[in-house]
Structure formats: C-alpha cells, structure tokens
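Residue numbers (the working numbering), protein chains in the order written: chain A, 289 to 647; chain B, 811 to 1097; chain C, 6 to 291; chain D, 2 to 251; chain E, -4 to 231.
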Amino acid sequence: AETVKIGINVPLTGFAASDGKSALNGAKLAVEQINSSGGILGKKLELVVYDDQASPKQSVPIATKLIEKDKVTVGVSCSYSGATRAAAGIYQSAGVPYIAAYAIHPDITRAGDFVFRTSFVGEVQGRAGAKLAGDILKKKRAVLITLNNDFGKSLVAGFREKAENYGITIVNEYPYSIKDRQFGPIVARVKADKPDVIYATGYYFTAGPLVTQLRTAGIKATIIGQEGFDTQTFIKIAGAASEGVIITTSLDRDSSSKETSDFIREYEKMFNHKTDMVAASGHTAVKVAAAAIQHAGNTDRKNVRDSIAGTKLVASTGTISFNNLGEVIKNVQVQIVKDGQFRHFAVISDKKLLAPPTR
Amino acid sequence: MEYEISLLTIMGIAIIGALSLNLIVGFCGQISLGHGAFIGTGAYTSALLTGAGISFWIALPAGMFLAGILGIIVGFASLRVRDDFLAITTMGVVFLFLGIVRKQDFLGGEMGIAMIPDPGLGKLGYMIFVLSLALALALFSLYLKRSWMGFAFDAIADDEDTAGLVGINSARYKLIAFGLGTCFAGLSGVLYAHNVRFIDPESFGFVESITVLSMVVIGGTGSVWGVTVAAAILSIFPMWFQFIDDYKLLVYGGLLCTIMLFSPDGLSGIAGRIFSKAGRRKTDASG
Amino acid sequence: MLFLDLLIQGLIQGGIYALIAIGLTLVYGLLRILHVAHAGLYTLGGYLTLYLTNFTGNFPLSISISMIGVGLIGMVIYRLIYQPILEKPPFVALIASIGLFIAMEEIYRIIFGPYGLTFVKAPLQNTLNIGGTYLRQCEIVAILLAAFLISALTLFTRYSRIGIAWRATVTDPGMAQSFGVDVKKVRYLNFFIGSAMAAGAGSMVALINNLVEPTMGSVPSYKALAIIVLGGLGNVRGTLIAALVIGIAESFGTIYLGNILDRDSIAFALLILVLMVKPTGLFAGR
Amino acid sequence: MLRVDNITVLFGGVTALKDISLHTDSGDFMGLIGPNGAGKTTLMRAITGTVKPAEGSVYLQEKCLDHLACHDRIRSGIGLSQQIVHPFTSMTVLENVVLVAGYERTKNPMRSIFSRTRKEEEEKAFELLKLLNIDKIAGEKPTNLPLGYLKRLEVARALALDPAILLLDEPLAGLNQTEARQLADQLAELNRLGQTILLIEHNLGEVIRICKTLAVIDNGTLISIGQPESVMNEPKVRKAYLGEEHHALP
Amino acid sequence: MLSLENMSCGYGNLTVIDKLSFHIAKGSIFALIGPNGAGKSSTIMAIAGHVRIKAGSVFFKDQDITHISIQQRVRIGIALAPEGRRLFSDMTVNDNLAMGSFSLPRKRFHSNREKVFKLFPRLKERKEQRAASLSGGEQQMLAIGRALMAEPELLIIDELSLGLMPKIIDLCYGAISFLKDQGVTILLVEQNTSKALEIADHICVLESGRNVWQGSAANARKDPALISAYLGLTEG
Ligand SMILES: Nc1ncnc2c1ncn2[C@@H]1O[C@H](COP(=O)(O)OP(=O)(O)OP(=O)(O)O)[C@@H](O)[C@H]1O
Ligand SMILES: Nc1ncnc2c1ncn2[C@@H]1O[C@H](COP(=O)(O)OP(=O)(O)OP(=O)(O)O)[C@@H](O)[C@H]1O
Ligand SMILES: [Mg+2]
Ligand SMILES: [Mg+2]
C-alpha cells in the first residue's frame, strides 16, 4: 500500500548514538500513535531512517538520497547541529520542508523558508535561564559553567544578554569540553568564587558528574541547568546531589496536557526506558510534520511547507507555532528535581523574552 | 542523478585527501596522524575568504598555500622527532589546531561557519571539477613516484640516516614532502568546504585524520591506485552500508582490523597476490 | 587554598592517567605497538565492575574480577590481533588497533546500550574533609590503587628478573628465546598486566563519575598515547611522572588557560613543547 | 687531500679520540689499523659528521667541513662504506647503487622532480656491480643476502659517488679469503687509477699487501704512521696490535 | 654430543640445507666452513631452533631436540653467539651478560661474569655502556661473553673472528681451547679457513647447502687438493 514518507537523518552509531536513539524512539512513537489512529490522508505514515553519525559529511548525501530516491514529503533531523546545518541547505534548494528536532545552531533556519525548528534556539532558553535565576529565584552572583560547543555557547549567550536586566552579576565563566567528566579544577575555583547560583550548561553525562562534584566540594549554591539535563539518567548519575537542581526545558512531567502525559506513559511502555527531552523533540517534530501534511491535504512539498508555517499544534513539548524564520514559539517549562524525579516548578511564558530571532 | 553526483563529489574529495597524505606517509615514510589539521586549514581559509566576498578561484590557491605553509612548519618538527614520536606529535598538532579554532570567534568558534558561498559551477560542474583534480593528483603522484624525487623519497622512507650518508639532503626532501602533501590536503579541504557548505572544528579532528590515514594504509601505503580505490570505497562506505545501520561502524572497525590482519600491505597487496597467482596459473597452463 | 585544591585535583587526574598509561607503556615497551584499543579495555573494565557491583554489591571483589577478566581478554586480543602482525610496519598495527577500538566501542553500545549506566548504589561516595579540601572516598581510593599497582609492578619487574627479560624481548625476541626467555609467556603476561591496569583505571573512573558509557575510552585512547610519549615511550617511571605532570598541567590550565585552549589541547601543547626540546621525551626509554 | 686536525671525541666520560691529526695525499692508499675499540670507526664518523668532535677540524681538498651537515660533507667528495652494512632494503641491489649514482640529480630537491630518466645511472651502477663481482645479484632485494655481498654493495655505493676520497670501514670482514683477496686487488687497482683511499681493516695481510701508508691508532691516539713494513716493525705497534707472542710479520 | 641426521632446513618454501648429517664428539671443536651463502649460518640457526627444520632430526646428548622450543635448548646446554652478534642493543653490557645467565639461578651470575671479565677485561671497563655504542670488536667480545654466561655444554659461534683484531682473535681462540679443555663442545663457523684448520678437530665443508667434505682437520690439512678446492671456491 502507498505510504506517506518522512525522512530522518539520525546518529545511530558513534559518539552521538544515545541522543540519536532517543530521538528516533520518540519519532517512532509518534508514527505508532498516528498510524493506530488511522494514519494521514488515509495512508500509513512511514519513516525512512538513515544513520548520519552526526557528521555533516554524511548528512549531505543522505539528504539528497531521501529527497531524490526515497521521495520523502518532509525531512526531519534527529541529529546534531553540524549534520543538520549541512543538510538544511540541500532541503532548501530542493524545495523540501525540513524540521530540526533538537539541533540548536542559529544558522539552521537561516538556510531558507523550507527549514523549521521545533526546539528552542539556545539563546531563547538562555534568556529564560536568566529570568529564572534573577527574577524567579532572586539570585545575584552567578557563575557560568559552559559546555564548549554550539549548544552551551548559545545558551550562555542568551543568559548573558539578559543577566543584567535581572540584576545578576556574572562572577566568572568556565568552559569545559563535551568529553570532560572530571571537573575538579573548575569546582575548586567555583568554590572560591562563592556564587549563589550556578548556571551550568551541558548534557546529562557531563552534568551528572559535574553536579556530584560541586556538591561534594560543599558548594551549596542553586544549580540551574537546561534541557540537556532533562533525562532520568542525570538523576541516576548524580544521585542525592541532584536534589534541588532546577532546569529549563520543553517537557513538563506534571503536565495536565494529555498529549504530554500520553507521550510519557506510552514511551516508557514501548521502549522500557524513561523518556527524555530529546525523545520528546523527535516526537514533536514528526507530529508537526504529520499534522502539516494532513492539513495540506496532499503531499505536495510546497503546500506542506506552507502548512507547517501555519502550524498551531499541541505537542508533547507544548503548544507549537512558528515565526517567519521557522523558529518555534512556545513556553519554557521549569522543572526541579525532587525525591529523584523531575517535578513542575514554574512556566515562563513571557512572549517578548522568548521571542526567537526573525532573520 | 543528484545523489550519485553528491557521492562522486565526496569520493573525489576523499581521494584528493588520501593521495595528499600518501605523499607524506607512502612516499616519504613520515607517519602523520594530523592530516585533519591541514584539510581544516584549507577549508577554513577558503570559507573565510569567500565569505568576505573574495572569488573562489583566489580562495582555492590561498587555502592550498596556507595549508602548505602550516605543513612545512610541522615538517620542521619531523626533522627533530621521529617514528612514533612524530606520529604522536602530528596527532598533537590536530588537537592544537582544534583547540585554537574552537576558541577563535573570527573562525566561528564552536559554531563553525555556515552559508559558505557556492562556487557557481552547479552540482554537476563541481563534481567534474573535483574529479578532474583528483585525477590530476593521481597522475602527478604516479609521475612523482618515478621521478628522481620519488627515488630519493624511497631512500628516506627506507633509512634516513643512510640516505644522509649517500649524500641525500633528507631534511629538505622531507620538508618538500610535507609541503606538497599538506598543500593538496588544503585543496581537499577547500573542496570539502564548498561542497558541504558548512564547516565546524569537529569535521577536521583526530577521527578525520585517522580516517584519511586508514584510506592510505588500506589502499597500501605508497600505492597510488590502491590508495585511490581505498579512498573511493571508504569515503562512501557509510552510504553503502546503510542497510546494516546499527552495525555499520562495527563492520567498519572490524574491516580495518581484518584487512590489516590478512593483508597488511592493503589492497595493493591483495591485488598483487591475485595477479601473481593468475600469472602463475597462466604460465602453468602454457608450460 | 585554591592552589592546593588545584594541585590535589591534578594529582587525582594524574593518578588515573597513570593507571591507564602505564598499562599502555608496558604494551608499547614490549611490542612497539601504539595500542589504541587499550582504552577499549579500560571501558570494558568500567562496565564489568559496574555490572558485578550492581549484582554482588561488593566493590572490591568486583573490581578484582573485572581486572582479571579484562587481563585475560587483553591476552586474547594479543593472540588474535597483534601476534600475527608483529613483524609488519608499525602503522599496520596502529590501524588494526584503531579498527579494533572502533569495533569495541560499537560492541559495547550494542550490548550495553547507548545510554550511560550507573551504579544502583554507588559505594565510596562519602565526602571527607581533609584540612579544608573535600574529597570523596572513591577519589582517595583511586590514588591509593594507582600508587599500589604501580609500585607493585615496579617491584615485580625488579625482583622477578622479568624486567630484564622484558627489555631483552623488546630488542631481539629471537635471541631472548635463545637465552631461555619464554617470549610467548612474557608477552601474554605483559598484556595481562597492562590490560588489568586499564580495567582498574576504568573501574575507578566509573565509580568517580558514577557513569559508564560506550565512548568513555575515547579521550584516554589518545591522551594516554601523549603521556607515554611524553614519558619517553616504554619507560615506566617516565610515564608515571608524565601522567602526573599532565594531570597537574590540565588542572591549572583549565583555570588559567581555559579561554585560549581546551583541556585536551593543553596536554598536547605541553607534549609538543617538550618534544621540540627533547625529541625523545622526558626520559628516554630505549 | 683529506686533513684531520687535532680531533678529540668524547662520549660522556669516554675519550674515544685524543687530539688526532692525520693527512692523506691525493692518490694515497692509507691503511688505518688499531685494536678493537681504538677509535677507528669514530674517526671515520667524525670525518663524515655523524659524531661531533669536541675539538678539531676536518678539511677536504683545503675546504673546511666542520660546519657542514653529513650529506654536504659526502657531496664534497667523500665515499663511505660503513662497518655495519646499511643497504636500502626496499630497493634492489642495483637500485641501491643507481640512487647514489644519480647524486647530481638528487642534489637539488626542487629540480629532482623534473628528471626521470635513469638510463645512464643504471649503466654506471651495473658497471660498478660488475667491478665488485656482484652483478649477478643486481636484481635481488638485500634483505637476506649474505654479509659478503652486502659489504661489497656498500663499497659499490661509495664508488658511485665518484668520491675524491674513499673511506672504507672493514670492507673485507665477512668475505672469505678468496673473495677478500679479490676485493683487495680491485681496491689496489682503483688506487692505481688515481683513487685516494682510506681503509680501515683488521685483515692485516691484505692491508700490508695493498696499502701505501699505514697509520695505527691505539686508545684514541695515533701511535705510528709511515711505510707499512717499517710501521709493523715498531715494537709498540706489535705490542698493541698483535700481542706479545708475535715476533714476525704474518 | 650433537648429531644431525639428514637434516634439511630453510625459509618458507626455500630449502637451503639439504640432508646434512654430521656428528660432534663431546669435548671437541667442530668447524663448518664454506663460501658466502653456503648455508653455514642456516645450519647453526636450525640447531638453535630459529630456522625451521623440514626433514631429518637433530640429537643432543642422545635426546631428539628437533622439535623442542628455542628456550628449552639453553636449559639443556646449548648457547649461541649468532651471526651479526644480535646483542640486546639498548641494554648495557652488564644487562646483556645478565641475560646470558637468564636460565641459571641468579647467584651464578656474579661468578660467571667474573670469568667473562677475566677473559675480556675490556668489557669490564665498558660495563655500563649501551651495547649498541660499543666498537665492532667489543660487540663481538660481548656476544661471546654472553654465550659463555649460560655455562653451555655446546657453544655455537658464528663467524668468530669477524671484525676482530689479530690479538683478540688469538685471545678468543685461546679461550676456546681453554673451554674445550674444560669439556665444552664447540661448533664454529669460520671464514678464516686457515685458522679453522688450525684449531678444529673436525671440519665440514658446505657448498650450496650440501656437504662436500667432512673429516678430521688433520686429514684436511694433509689434503692439498681439498684446500685448494675450497680456497678456489667461488660463490654461487
Ligand atoms: N656512542 C658512544 N657512547 C659511548 N662510547 C662509545 C660510543 N661510540 C663509541 N664508543 C666507544 O669508543 C671507542 C672507540 O670505538 P670505535 O667504534 O671507534 O672503535 P674501532 O676502532 O672502530 O674498533 P673496532 O675495530 O672494534 O671496530 C670504543 O671503546 C667504544 O666503546
Ligand atoms: N631469512 C631468510 N629468508 C630467506 N632466505 C634466507 C634467509 N636467511 C638466509 N637465506 C638464504 O639462505 C642461504 C644460506 O644463507 P646462510 O646465511 O646460511 O649462508 P652462510 O653460509 O652463513 O653465508 P655467510 O658466509 O655469508 O654468512 C642464502 O642463499 C641466503 O640468501
Ligand atoms: Mg670499527
Ligand atoms: Mg653466515
């Protein structure tokens, strides 16, 4: 039978495999959900998945292949920024819509009007972090521990941008690389800085050891993380040290939204693994694509693009719409670790603060 | 067709990269684990220049030139340290390169450089351009191998001290090898940058250097056509092996390992054996 | 105070590096192989210890079994991969080793999953206050284990005459045999000890981070190479000192050079500087 | 021709050569003998620049070599055959010699890229192999060849440089008596044709038979130099070199 | 003491020694002579276990040693000073000697070393020097000394006089006669034919991997035809 195809490039092998797997699982769950409720346009939805090892070198031919050989209607990137940015140009020039699930490089959507992103650009979330620290928590002295890649850098750029507005002094910033797990020197220095809040960017595998080591050294300052922390594994790694860590993210575990709670429940059932933000992003991206195709009423790529641009969808990561650049507009969820679980802490919905870039 | 074009372009770029390393490793016997740095130098130079509005046709030689200069500087290191020490030093060069690029805002830092201008040849035109450069480099390599320079390289690769004792200025030859090799590495970097049109530090790291080296070794160090074939195959290996997706890297790693085990002299060794066997059979038959 | 803290952190890191690198030095020293896959054994050590600890609840027992197990696997790797290509030019073994390392990481990912694993109940996590410096028990144990294993190795090589057999085997295995050295045994033993030490390091790192990932060996794979080269290739004492030097340099460098160079580049910048002055490392081993 | 002025070589605490001065004339055939470890090879290495003397200078045809790198010294006119053979194992015996014979072509690396033909060099190399009686192994790789052949290959390579002076370090070792005699005759013949030679050798019989001058080094110092017969008759030479029990020439 | 029975050996597919037989009596000196490439070194290395024996057998002290491992041979009393010396070049003179006595209890090292130093005082002076930096002759002394450290019953020496000055050659031959008087059996390869004829009890002449003459040295000395034949031999 004929199907509607969505193409996915995702790192399934190599260093980025764990994120790739989560994102792909999220996407698979979305397909499962859609198909079990009748598919779209009366056809089944099908994913065409290729492993890109998070490498731009591979995502380029993959994009070409998805467009030309597999004739997908929409492309979804479940990969990192480099691979996504390189592929975005291909999709744009072929006139095929492309949705980045969680890659945060600002230039991705600048490839053109066929490229969208369902996750926050780093700056937006960074600004939310600043509001959280200064406005909600009323902290004054911040230390930044920055993951030295596009993710960490853009988050921190946003944080810095708004810090002053909320009365925060940035005492110091310490960069570290994504491969670091030992933060002894940084921790020693942070201790001497005596901050009252620490804005730490990173992924769960760097954040877990980092938080443990900060607490071991007797540092009591509040730790603010972001969506990179957002997985149960983070809590497992850091154990008791993770209690009280606050993060900005897209996924509200205590959400009253049916879409979100269904996602969390069904994900765990289907994959026997706790869900995380990356999985929710993959899920959301596919849902957005599917809804747009349904809405367009056919698989004409140009029509689908227009329909994506006009999206207004309740997804697992909140209510989604796009601005003229293709950047997502949605609220930022604030979660806190309590008794070994992420719990609702606050929602930031300040439209002006969260406005994504428009050019 | 576009898909095939993009694969062939990638292939051509990889062949240029591998042949350039072959000049250093295969011809002159100087092991280098840092080729990514020179490819990266070419890519960054051209990306910056064309980004600033300068023509691709100027950026291309500029990228080669700068990579070659950097290569000669590293070549000076090879005059001082040898063998495994050199291997690790060149590996250090790649990490240093990355470390510096990462922290330099004008190089895009961690974010890399996006929207690198199109050279304006069209996809097909670009592919033809890349493939003809690859062919030219292969021919040049073949020529070089048979020239007196190649002969002197052989001697240096074999035994540097003795080469000195028969009057060969191995320091100069080594610098030339590094200069030439890295200059062509720069070429492959330039071509890469304008093909993918996005570059970031990670694309030119240690893993990339090792990938190029494994093309050379699997092809058979020093064998021009062997290296060419190996680069062609390995560069699109991930695409070919999409169907075994989850096991792709496992197969790749296993393949590197088994080829080394069963044919340490690489493809050219395998081919050599097949031909000599075939040749023998023929003479058997006739005799 | 900050100075002292940084120094101590540098020593801890250096101690862990030493454990990994000394195993690698042994292998390099004997076979002249840049054994990148050593880091794969380090990762395996972490996984085994983690699984065993979660299963038995006994960390000392688990780490011992893991070290022995990984030591044996090291011997198998030697037998299957390296022995057949010993006579070939060095980069043959290097590429084989890299291939093996890639394959190992992928096998771990396929078997243990791509996500990091953690201890169900991580032992030795209590914090001790030593004169104003806070350290966890596991960090102290890591240092002690490094010190213990390395001194045991030094004594063993000195008093068992295995050291001299080792060195003789390096220069001329054939002649070493002719004077009664069982070269095969020496090589197996060497791989056993080297791999077991890698497993010890992997286990301690697993515990300190409470995290084991398929890719946890990627940094040690090349940093350990930098360390053994800095130490003079094949020189145990030199490796130990180089490991500590790099640990401390990184500790201070992260703070004072962090905005110019990242951590990995610091180690290599140091390495290149030293090699330009002393082309055969801090302590020539050959 | 070749002049060595007051050379002293130190290895850590060991003084390998003490203030040695030596001089060969054009067309000379000088034998250099001395006990094992006397410093003969070290002297040769000081001349070619592979060891740096603590003091002293080396001149070749009145040109000071002190600040030249090894390959430049060789190019100034030294042909060297080493005590421990070092053939290029990846090349055939013939190619070993061809490479060296092309010294003019490899002189300037930049120009070497533009020349390809090896015809002349091959002919010349083959002549040399014939001269040394190893032409029948021309096409073989040196890896497993007996030492006797490799020694002669070293000599052939040295000759391929058309050197002003030929430095030979124990070229006869590893050859049997017949072969040694043959090679010695060929050397004498070369010398007769005008080749200056400095020969280090333990095979006294041959040395005395073919050399025109004889120098003796003991313990890093030159103890005697002159006509072979008269030198060999000096008691201190006999004592150092032959041991007390020898009272007559061999 | 040592017998070869129709031994053939070689490398890969190449056979270099074809059906060689000889017997060496205990306490005698046996010399192998022949032109370059005749296969002398190959024979020796086959006895020491380094070259693959393809057919025939080797007996030592009435024990079949054709297939025993290399490292066992030194324990039953065979020590080797090979062609090219093959010293442990990165190790000091002292360590090289220590390796010589590796198969013996540790305390024998000192007493044996004293004996070697007495024979070659030069080595004592160079005790802490790296073997690779010794002069050619010193290296040869070390190679012989190292073999002696193993207290062999059968001492195998390839190219004894290579690169040695006459005085040391005499010294070495003196040492060999001395060892012979102590009951050590010696197998020599020697290019210097006259020397070999002088000292050996028995000789065996090899040519292209075949035994062309075998017998007592006394007979050989009396056989001018043989001497001229051998001296007249050219290689190949
Ligand atoms: N790198 C070095 N370090 C220390 N000592 C050295 C070094 N090289 C040579 N020697 C010593 O210098 C002395 C002279 O050595 P050289 O090789 O010149 O002797 P030779 O006269 O050539 O002897 P032979 O006839 O045995 O070859 C020897 O005692 C040797 O041990
Ligand atoms: N490792 C090897 N592989 C293949 N062939 C070899 C090897 N070693 C020696 N040969 C060949 O075996 C033959 C016998 O060599 P061998 O070294 O035994 O001669 P030899 O009598 O000791 O000569 P010499 O007097 O020069 O030492 C030669 O033709 C040689 O080329
Ligand atoms: Mg000498
Ligand atoms: Mg021999």
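Where is the CB? At the ideal position from N, CA and C, for every residue including glycine.
Query raised in the report: Would DSSP call residue 2(E) helix, strand or coil?
Result: Stepping through the fifth sequence from its first residue, residue 2(E) is reached at position 7. Looking at residue 2(E) - three-state DSSP - the assignment turns out to be strand.
Query raised in the report: When DSSP labels each residue in this structure, what does residue 621(A) get in the three-state scheme?
Result: Here the question's residue 621(A) lines up with position 333 in the first sequence. The three-state reading of DSSP puts residue 621(A) in strand, counting E and B together.
Requested in this report: Using 7 angstroms as the cut-off, classify the Cβ of residue 145(D) as near or not near the heavy atoms of ligand 2, replying yes or no.
Outcome: Counting from one through the fourth sequence, the residue named residue 145(D) turns up at place 144. Within 7 angstroms of the C-beta of residue 145(D) there is at least one heavy atom belonging to ligand 2.
Query raised in the report: Should residue 121(E) be listed as close to ligand 1, given that the test is whether its C-beta is under 7 angstroms from any heavy atom?
Result: Here residue 121(E) is taken as the residue at index 126 of the fifth sequence, counted from 1. Yes, the Cβ of residue 121(E) comes within 7 angstroms of a heavy atom of ligand 1.
Query raised in the report: Between residue 936(B) and chain A, is there a C-beta pair that is closer than 8 angstroms?
Result: Taking the first residue of the second sequence as 1, we reach residue 936(B) at position 126. So, not an interface residue.
Query - Positions along the stretch 951 to 969 of chain B whose CB lies within less than 8 angstroms of some CB in chain A - result: none
Query raised in the report: Taking the alpha helix (DSSP H) that residue 99(D) falls in, what are its first and last residues?
Result: Position 98 of the fourth sequence, counted from the start, is the residue given in the question as residue 99(D). It spans 94 to 102 - the alpha helix (DSSP H) in which residue 99(D) sits, taken as one unbroken run.
Report task. Starting from the C-beta of residue 526(A), find all residues in its chain whose C-beta is less than 6 angstroms away, skip the five residues before and the five after it, and write them out in chain order. Result -> Locating residue 526(A) in the first sequence gives position 238, counting from the first residue. Around residue 526(A): 496, 499 and 500.
Requested in this report: Inspect the CB distances between the stretch 111 to 122 of chain C and the stretch 218 to 229 of chain C and report whether three or more fall short of 8 angstroms.
Outcome: yes
Query raised in the report: So, is the C-beta of residue 1016(B) closer than 8 angstroms to a C-beta in chain C?
Result: Taking the first residue of the second sequence as position 1, residue 1016(B) is located at position 206. Chain C, which has a Cβ nearer than 8 angstroms to the Cβ of residue 1016(B), makes this yes.
Query raised in the report: Counting by C-beta, which residues lie closer than 5 angstroms to a heavy atom of ligand 1, in chain order?
Result: 12(D), 15(D), 17(D), 37(D), 38(D), 39(D), 40(D), 41(D), 42(D), 43(D), 128(E), 129(E), 130(E), 131(E) and 132(E)
Report task. Report all residues from its chain with a CB closer than 7 angstroms to the CB of residue 15(D); omit the five preceding and five following residues, and keep chain order. Result -> Taking the fourth sequence and counting its residues from 1, one reaches residue 15(D) at position 14. Nothing listed; no residue qualifies.
Query raised in the report: Which residues in chain B sit within 9 angstroms of residue 103(D), going by Cβ to Cβ distance?
Result: Your numbering for residue 103(D) matches position 102 in the fourth sequence. Residues of chain B passing the Cβ test: 958, 961 and 962.
Requested in this report: Quick one: residues in its chain with C-beta nearer than 7 angstroms to the C-beta of residue 547(A), no 5 flanking neighbours on either side, listed in chain order?
Outcome: Counted from its first residue, the first sequence places residue 547(A) at position 259. Hits under 7 angstroms: 602, 603 and 604.
Query - Among 250(C), 209(C), 212(C) and 213(C), nearest to residue 228(C) - alpha-carbon criterion - result: Position 223 of the third sequence, counted from the first residue, corresponds to residue 228(C). For residue 228(C), the nearest C-alpha among the options comes from 250(C).
Query raised in the report: Closer than 8 angstroms, CB to CB, is residue 174(C) near chain B or not?
Result: One-based indexing of the third sequence puts residue 174(C) at position 169. Closer than 8 angstroms: no.
Report task. Please confirm whether any heavy atom of ligand 2 lies closer than 7 angstroms to the CB of residue 155(E). Result -> For the purposes of this step, residue 155(E) is taken as the residue at position 160 of the fifth sequence. Residue 155(E) Cβ: outside cutoff for every heavy atom of ligand 2.
Query raised in the report: Would DSSP call residue 358(A) helix, strand or coil?
Result: Here residue 358(A) corresponds to residue number 70 of the first sequence, with the count starting at 1. It is coil, neither helix nor strand.
**Report entry** Exposed unless 16 or more other CB atoms sit within 10 angstroms - verdict on residue 1095(B)
**Finding:** Position 285 of the second sequence holds residue 1095(B). Confidence is the limiting factor: at residue 1095(B) the pLDDT is only 47, short of 50, which leaves the residue's position unreliable, though a coordinate-based value still follows. With fewer than 16 other Cβ atoms within 10 Å, it is exposed.
Report task. To the nearest angstrom, report how far apart residue -4(E) and residue 27(E) are at their CA atoms. Result -> As a position in the fifth sequence, residue -4(E) is number 1, starting the count at 1. As a position in the fifth sequence, residue 27(E) is number 32, starting the count at 1. Residue -4(E) and residue 27(E) have their C-alpha atoms spaced approximately 16 angstroms apart.
**Report entry** residue 171(C), buried or exposed, once every other Cβ within 10 Å from all chains shown has been counted against 16
**Finding:** In the third sequence, the residue the question calls residue 171(C) occupies position 166. Buried, by the Cβ-count rule.
Query raised in the report: Quick one: is residue 822(B) near chain D, going by C-beta distance under 8 angstroms?
Result: Translated into the one-based positions of the second sequence, residue 822(B) becomes position 12. No - not a single Cβ of chain D is within 8 angstroms of the one on residue 822(B).
Requested in this report: Return the CA-CA distance between residue 142(C) and residue 132(C), expressed in angstroms with no decimal places.
Outcome: Within the third sequence, the letter at position 137 stands for residue 142(C). Within the third sequence, the letter at position 127 stands for residue 132(C). Cα-Cα distance, rounded: 6 angstroms.
Query raised in the report: Name the chain B residues that come within less than 8 angstroms of residue 374(A), Cβ to Cβ?
Result: The residue you call residue 374(A) lines up with position 86 of the first sequence. Think of a sphere of 8 angstroms around the beta carbon of residue 374(A): the chain B residues whose beta carbon falls inside it are 1006, 1007 and 1008, in chain order.
Query raised in the report: Of all the CB atoms in chain E, is at least one closer than 8 angstroms to the CB of residue 154(D)?
Result: Locating residue 154(D) in the fourth sequence gives position 153, counting from the first residue. Not one chain E Cβ lies under 8 angstroms of residue 154(D).
Query raised in the report: Do residue 156(E) and residue 164(E) have their CB atoms nearer than 8 angstroms?
Result: Working through the fifth sequence from its first residue, we reach residue 156(E) at position 161. Working through the fifth sequence from its first residue, we reach residue 164(E) at position 169. Yes, the pair counts as a contact, with Cβ atoms nearer than the cut-off.
Query - residue 946(B) burial status per 10 Å Cβ neighbour count (16 or more: buried) - result: Working through the second sequence from its first residue, we reach residue 946(B) at position 136. Residue 946(B) is exposed by the Cβ-count criterion.
Query - residue 69(E) versus residue 134(E): straight-line alpha-carbon distance, rounded - result: Translated into the one-based positions of the fifth sequence, residue 69(E) becomes position 74. Translated into the one-based positions of the fifth sequence, residue 134(E) becomes position 139. Rounded to whole angstroms, residue 69(E) to residue 134(E) spans 21 angstroms at the Cα level.
Query raised in the report: Can you tell me where the alpha helix (DSSP H) with residue 255(C) in it begins and where it stops?
Result: Within the third sequence, the letter at position 250 stands for residue 255(C). Where residue 255(C) is concerned, the enclosing alpha helix (DSSP H) stretches over 241 to 261.
Query - Helix, strand or coil at residue 209(E) according to DSSP, with G and I counted as helix - result: Here residue 209(E) refers to the residue found at position 214 of the fifth sequence. Here residue 209(E) sits in strand by DSSP.
Query raised in the report: Can you list the beta strand (DSSP E) stretches of 3 or more residues lying completely in the stretch 46 to 131 of chain E, in chain order?
Result: 47 to 55 and 73 to 76
Report task. Could you tell me which of 1084(B), 1083(B), 937(B) and 953(B) sits nearest to residue 824(B), measuring between CA atoms? Result -> Against the second sequence, residue 824(B) aligns to sequence position 14. The shortest Cα separation from residue 824(B) among 1084(B), 1083(B), 937(B) and 953(B) belongs to 937(B).
Report task. Pick out whichever of 67(D), 146(D), 213(D) and 102(D) has its Cα sitting closest to the Cα of residue 7(D). Result -> Here residue 7(D) corresponds to residue number 6 of the fourth sequence, with the count starting at 1. Closest option to residue 7(D), Cα to Cα, is 67(D).
Query raised in the report: Just the Cα atoms here: how many angstroms apart are residue 477(A) and residue 622(A)?
Result: Position 189 of the first sequence, counted from the first residue, corresponds to residue 477(A). Position 334 of the first sequence, counted from the first residue, corresponds to residue 622(A). Residue 477(A) and residue 622(A): Cα-Cα distance of roughly 28 angstroms.
Query raised in the report: According to DSSP, which residues form a beta bridge with residue 924(B)?
Result: In the second sequence, residue 924(B) corresponds to position 114, counting from 1. The partner list for residue 924(B) (beta bridge, DSSP) reads 1008(B).
Query raised in the report: Is residue 44(E) near ligand 2, with its Cβ less than 7 angstroms from a heavy atom?
Result: As a first step, residue 44(E) is located in the fifth sequence; it is residue number 49 there, counting from the start. Answer for residue 44(E): no, Cβ out of range of ligand 2.
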